[in-house]
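Mapping the sequence shown onto our numbering, position 247 (from 1) lands on 247, and the numbers just tick up by one.
Just so you know, even glycine gets a beta-carbon here, dropped at the ideal spot from N, CA and C.
Just so it is clear, the structure is predicted and the values come from calculations on it, not from any experiment.
Reading through the C-alpha cells given below for one structure.
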Amino acid sequence: TDIVPTNEYWNYDMVARDENNQLLHGFVRCYSPKPVRAVEFGAVIPAKIQQEMHFKTGYCDVHTAIPPWRRTDYDARVPGAGTFAGTYYAYGEVLLLQKKAWEGPVSSEGGHHYIYSGLTDGNYAQDQSYFIPQELPWLVDFDLLKIHPLENNFGMGSIWMFFGRDKLPESEAAFTEAIDRFLAATAVFGHSGLLLLDRGYRYTLRSYYMLQQLQSCYNRSTVDEICYTDPAGCLYPTSKALVNNCYQRSQVVVKYRNGCVVAANGSKT
1 TDIVPTNEYW
11 NYDMVARDEN
21 NQLLHGFVRC
31 YSPKPVRAVE
41 FGAVIPAKIQ
51 QEMHFKTGYC
61 DVHTAIPPWR
71 RTDYDARVPG
81 AGTFAGTYYA
91 YGEVLLLQKK
101 AWEGPVSSEG
111 GHHYIYSGLT
121 DGNYAQDQSY
131 FIPQELPWLV
141 DFDLLKIHPL
151 ENNFGMGSIW
161 MFFGRDKLPE
171 SEAAFTEAID
181 RFLAATAVFG
191 HSGLLLLDRG
201 YRYTLRSYYM
211 LQQLQSCYNR
221 STVDEICYTD
231 PAGCLYPTSK
241 ALVNNCYQRS
251 QVVVKYRNGC
261 VVAANGSKT
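What follows is the structure, encoded as C-alpha cells:
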C-alpha cells in the first residue's frame with residue numbers, strides 16, 4: 001500500500017493518482033502505488049524475501065486498515081480507473097500472493113477487515129470508531145456469524161485500540177477493571193487473545209493464561225446460538241433483544257456447535 005521515493009523500484013508511473021490527477025499519498029513520507037502494480041510486485045518482492053528469510057507467516061500491514069475506496073486510482077491509463085473495485089481485487093490478490101509466498105497464514109492491521117475476511121487469516125480485531133466511546137452495546141452477531149467462520153482475528157485490536165490511546169485509566173484498580181473488560185470482549189466476540197505488554201508482566205501473563213485454553217475451544221467451532229440477557233437473567237435471541245432493548249446491557253451468552261459456551265458481562269452498571 002506504500003512506496004517511498006528511495007525504493008529501488010520507484011518511478012512516478014508506479015504511483016496512483018487522486019481525483020485531481022496528483023500523486024496519491026499513503027503513509028508519512030510514502031506514496032500509494034497503483035493497485036495493479038502492487039499485484040505485480042506482490043509476486044516479486046515476497047519471493048525475494050523468502051529466499052533469504054524462510055518465513056512461515058506474514059503480516060501484511062495496512063491493507064485491511066483502510067477501505068479500498070481510499071486508495072482508488074484515478075489515472076485514466078489504468079483499467080478500472082476511478083473504481084474502488086480495482087483496488088479491492090488487487091489488494092485481495094496481494095494477500096493471496098503473500099499466503100503463497102510463505103506457505104502459511106497472513107494477518108493484517110484490521111479496522112476494515114470485514115471486507116477482506118477469508119483473504120486474510122486474521123487481523124487486529126479493532127473497530128475504534130465504535131468501541132472507543134465505551135458507551136455502545138456489544139452486538140456480537142455480525143462478527144461471530146459472518147467474520148468468525150472465515151478467519152481468526154485477535155484481541156479487540158490492542159487495548160488502546162479498544163479504549164483509546166489516551167483514555168486508559170491511571171489507577172491500578174481501574175486498569176485491572178479495564179483488563180477484565182478487554183479480555184471479556186475478546187472472548188465473547190470470538191477472537192484470539194492479544195498479548196498485553198502494558199504495565200508489566202503481571203498483565204502480560206494474565207492476558208495469556210486467561211484466554212489460552214478457552215480460545216482453543218471457540219476458535220475451532222462456529223456459533224449455534226447468540227442470546228442477550230435482561231435484568232432478571234432471562235435469555236433472548238437477538239431479534240427479541242433488539243425489540244426489548246436488553247441487548248444494550250452488553251450481557252451476552254454465545255453457544256458454539258462444539259458445546260463451548262461463552263458468557264460475558266460487558267455492562268458498566
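(request) Report the residue from D180, T229, S221 whose alpha carbon sits nearest the alpha carbon of R206. (result) In the sequence shown, counting from the first residue as 1, residue 206 sits at position 206. It is D180.
(message) Taking contact to mean 3 or more Cβ pairs, one atom from each stretch, closer than 8 Å, check whether the segment 24-33 and the segment 88-97 are in contact.
(response) no
(request) Return the bridge partner residues of V106 from the DSSP annotation. (result) Residue numbering aside, residue 106 sits at position 106 when the sequence shown is read from its first letter. Beta-bridge pairing links V106 to G58.
(message) Bridge partners for V261 per DSSP, in chain order?
(response) Within the sequence shown, residue 261 is the residue found at index 261, counting from 1. DSSP, once it has assigned bridges, lists K255 as partnering V261.
(message) Using the Cβ count rule (16 or more neighbours within 10 Å means buried), how would you classify Q215?
(response) As a working mapping, residue 215 is identified with position 215 in the sequence shown. Buried, by the Cβ-count rule.
(request) Write down every uninterrupted run of the beta strand (DSSP E) in the segment 188-249 whose length is 3 residues or greater and which is fully enclosed by it, in chain order. (result) 223-229, 235-237
(request) Spatial neighbours of Y116 within its chain, please: CB distance less than 6 Å, with the 5 preceding and 5 following residues excluded, ordered by chain position. (result) One-based indexing of the sequence shown puts residue 116 at position 116. Cβ within range, chain order: T64.
(message) If I measure Cβ to Cβ from N244 and keep anything under 6 Å in the same chain, skipping five residues before and after, which residues do I get?
(response) For this step, residue 244 is matched to residue 244 along the sequence shown. Counting only Cβ-Cβ distances below 6 Å, and skipping sequence neighbours, we find nothing.
(message) Taking the alpha helix (DSSP H) that A47 belongs to, which residues open and close that run?
(response) As a working mapping, residue 47 is identified with position 47 in the sequence shown. A47 -> alpha helix (DSSP H) spans 45-53.
(request) Find the nearest neighbour of I3 within the set N21, L97, D61, judged by alpha-carbon distance. (result) Translated into the one-based positions of the sequence shown, residue 3 becomes position 3. Closest option to I3, Cα to Cα, is D61.
(message) Since A184 and G266 should fall inside the 8 Å C-beta cutoff, what is the C-beta to C-beta distance between them, to a whole number of angstroms?
(response) Within the sequence shown, the letter at position 184 stands for residue 184. Within the sequence shown, the letter at position 266 stands for residue 266. Between G266 and A184 the Cβ distance is about 6 Å, and since that is below 8 Å, they are a contact.
(request) Would you mind reading off the limits of the alpha helix (DSSP H) that contains G157? (result) The residue you call residue 157 lines up with position 157 of the sequence shown. Taken as a continuous stretch (DSSP letters only), G157 belongs to no alpha helix (DSSP H), as it is neither H nor E.
(message) At the level of alpha carbons, what is the spacing between L24 and T83?
(response) Counting from one through the sequence shown, the residue named residue 24 turns up at place 24. Counting from one through the sequence shown, the residue named residue 83 turns up at place 83. So the two alpha carbons sit approximately 15 Å from each other.
(message) So, under 8 Å CB-CB, V188 and A81 are touching, yes? Tell me the CB distance rounded to an integer number of Å.
(response) Translated into positions along the sequence shown, residue 188 becomes position 188. Translated into positions along the sequence shown, residue 81 becomes position 81. Actually they are not in contact, since the Cβ atoms of V188 and A81 sit about 43 Å apart, beyond 8 Å.
(message) So, with DSSP's three-state summary, where would you put R17?
(response) To locate residue 17, count along the sequence shown from 1; it is residue 17. Strand.
(request) Could you have a look at G111 and say whether DSSP puts it in helix, strand or coil? (result) In the sequence shown, residue 111 corresponds to position 111, counting from 1. Reduced to three states, the DSSP call for G111 is coil.
(message) Is the beta carbon of F55 closer than 9 Å to that of W10?
(response) Numbered from 1 along the sequence shown, position 10 holds the residue referred to as residue 10. Numbered from 1 along the sequence shown, position 55 holds the residue referred to as residue 55. Taking 9 Å as the Cβ cut-off, W10 and F55 do not qualify as a contacting pair.
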